[in-house]
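Participant:
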Amino acid sequence: MKTVQFREAVCEAMSEEMRRDESIYLIGEEVAEYNGAYKASKGMLDEFGAKRVIDAPIAELGFGGIAVGSAMNGNRPIVEYMTFNFSLVGIDQIINNAAKIRQMSGGQFNCPIVFRGPTASAGQLAATHSQAFESWYANCPGLKVIVPSNPYDAKGLLKAAIRDDDPVIFMESEQMYGDKMEIPEGEYIIPIGVADIKREGSDVTVVSFGKIIKEAYKAADELAKEGISVEIIDLRTVRPMDHKTILESVKKTNRLVILEEAWPFGSVSSEITFRVQDEAFDYLDAPIKRITTADAPAPYSPVLLEEWLPNASDVVSAVKEVMYRK
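Just so you know, full-length UniProt numbering puts 97 at position 97 of the sequence shown, and the rest follows in order with no gaps.
1. Which term fits residue 170, buried or exposed, when burial requires 16 or more other beta carbons within 10 angstroms of its beta carbon?
2. Alpha carbon to alpha carbon, how far is residue 118 from residue 89?
3. Alpha carbon to alpha carbon, how far is residue 79 from residue 236? Give it in angstroms, no decimals.
4. When DSSP builds the beta bridges, which residues end up paired with residue 151?
5. Mind checking residue 84: buried by the 16 CB within 10 Å criterion, or exposed?
6. So, at 7 Å on beta carbons, what are the nonlocal neighbours of residue 326 in its own chain, with the 5 sequence-adjacent residues on each side left out?
7. To which residues does DSSP link residue 411 through a beta bridge?
8. Starting from residue 25, trace the beta strand (DSSP E) both ways and give me its first and last residue.
9. Using a Cβ-Cβ cutoff of less than 6 Å, which residues in the same chain neighbour residue 318 once the five nearest sequence positions on both sides are dropped?
10. Let me know if residue 46 comes out buried or exposed under the rule of 16 or more other beta-carbons within 10 Å of its beta-carbon.
11. Which two residues bound the contiguous alpha helix (DSSP H) that contains residue 272?
12. Specify, as a first and last residue, the run of the alpha helix (DSSP H) that residue 63 falls within.
13. Leaving out five residues before and five after residue 238 in sequence, what residues of the same chain have Cβ atoms less than 8 Å from its Cβ?
14. Short of 7 Å in beta carbon distance, which residues of its chain neighbour residue 253, apart from the five on each side in sequence? Order them along the chain.
15. Which value, in whole angstroms, describes the spacing of the CA atoms of residue 35 and residue 179?
16. Please determine, among 304, 265, 16 and 312, the residue with the shortest C-alpha to C-alpha distance to residue 189.
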């Protein structure tokens with residue numbers, strides 16, 4: 001085992017896959033000469049050269065389209081967005097081309113491409129730089145959506161995403177790039193669509209994903225002091241979603257709380273809630289509770305931002321509510 005940062009795990013995954021397959025290349029803003037906006041491609045230009053690690057102009061629609069076209073013609077591009085907020089400039093290429101081309105061509109073309117970069121809030125970056133896009137992209141058939149919460153999962157899932165023959169949205173966080181964790185020395189791959197039970201428990205199930213899951217860990221530690229056993233499930237992949245793991249956990253604990261760093265309307269937590277009430281209603285001993293950001297654009301003020309974001313205290317309150325304890 002070795003200890004790496006999240007950004008290093010991402011870099012390792014891309015580099016290992018590029019050594020294995022010459023059709024893979026990385027394109028995006030500052031990915032080459034600057035070693036990546038968050039240093040997630042450090043050293044890759046020196047190893048692979050400017051033809052495979054490509055600095056693009058500030059034109060997401062343009063380099064996104066180039067990548068989609070090249071994927072249809074036998075390449076396997078990795079497109080890095082400095083933040084998924086900027087993917088809105090190129091969202092037509094993602095939704096109307098990458099996601100649909102296999103169906104629209106009757107299977108004549110596929111689009112093995114990875115769009116990766118940070119999602120959700122990253123401190124005081126204000127409303128237009130703090131949006132969570134998991135539910136946006138997961139809503140579109142043809143896309144797979146991955147949101148890892150730690151370096152180990154990030155490396156294994158990114159390698160799986162690069163090898164996948166369909167377009168994959170791979171979402172990270174500016175606030176996780178420095179996170180450290182032990183990962184294996186050798187190669188490993190984590191299959192897409194498999195959730196992970198990060199903490200076993202018996203009283204209530206908490207489902208989350210991405211960096212906000214850290215608040216669930218804090219809450220579980222606090223609740224354990226009061227004799228409440230929390231089971232924490234990390235979705236890892238939002239689409240395809242591992243409903244089986246969630247349902248099996250709810251059938252054991254009979255209570256469910258969902259923690260998500262996104263707006264409440266049309267959220268991932270809404271989808272989970274529907275599936276659980278549809279397939280495991282008789283196992284529930286309390287209504288499902290979801291915890292999201294406030295239903296408003298992210299504020300710049302640090303005081304307001306703290307109120308806007310979900311936190312461990314919110315999780316503790318929700319768990320006690322579904323257990324009818326105050």
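Just so it is clear, CB atoms sit at the ideal spot from N, CA and C, and this is done for glycine as well.
Facilitator: In this structure, then:
1. For the purposes of this step, residue 170 is taken as residue 170 along the sequence shown, with counting starting at 1. Residue 170 comes out buried.
2. What you label residue 118 is simply residue 118 of the sequence shown in a count that begins at 1. What you label residue 89 is simply residue 89 of the sequence shown in a count that begins at 1. Going by the C-alpha atoms only, they are around 15 Å apart.
3. Start at 1 with the first residue of the sequence shown, and residue 236 comes out as number 236. Start at 1 with the first residue of the sequence shown, and residue 79 comes out as number 79. Answer to the nearest angstrom: the Cα atoms are 20 Å apart.
4. Within the sequence shown, the letter at position 151 stands for residue 151. The partner list for residue 151 (beta bridge, DSSP) is empty, contrary to what the question assumes.
5. Working through the sequence shown from its first residue, we reach residue 84 at position 84. Buried.
6. Position 326 of the sequence shown, counted from the first residue, corresponds to residue 326. Here the set comprises 320.
7. This structure gives no information on residue 411, because the portion of the chain shown stretches from 1 to 326.
8. Taking the sequence shown and counting its residues from 1, one reaches residue 25 at position 25. Segment 24-28, the beta strand (DSSP E) holding residue 25.
9. Within the sequence shown, numbered from 1, the residue matching residue 318 stands at position 318. Taken in chain order, the residues that qualify are 257, 289 and 291.
10. In the sequence shown, the residue the question calls residue 46 occupies position 46. The residue in question, residue 46, is exposed, as its Cβ has fewer than 16 Cβ neighbours within 10 Å.
11. Counted from its first residue, the sequence shown places residue 272 at position 272. It spans 268-280 - the alpha helix (DSSP H) in which residue 272 sits, taken as one unbroken run.
12. Walking along the sequence shown from the start, residue 63 turns up at place 63. Per DSSP, residue 63 belongs to the alpha helix (DSSP H) from 60-72.
13. In the sequence shown, residue 238 corresponds to position 238, counting from 1. Counting only Cβ-Cβ distances below 8 Å, and skipping sequence neighbours, we find 134, 135, 138, 145, 146, 147, 209 and 268.
14. By 1-based counting over the sequence shown, the position of residue 253 is 253. Sequence-distant partners of residue 253 (beyond 5 residues in either direction) whose C-beta falls short of 7 Å from its own C-beta, in its chain, are 201, 202, 203, 204, 205 and 231.
15. Numbered from 1 along the sequence shown, position 35 holds the residue referred to as residue 35. Numbered from 1 along the sequence shown, position 179 holds the residue referred to as residue 179. Cα to Cα, residue 35 sits roughly 18 Å from residue 179.
16. On the sequence shown, residue 189 is found 189 positions in, with the first residue counted as 1. Checked all of 304, 265, 16 and 312; the closest Cα to residue 189 is 16.
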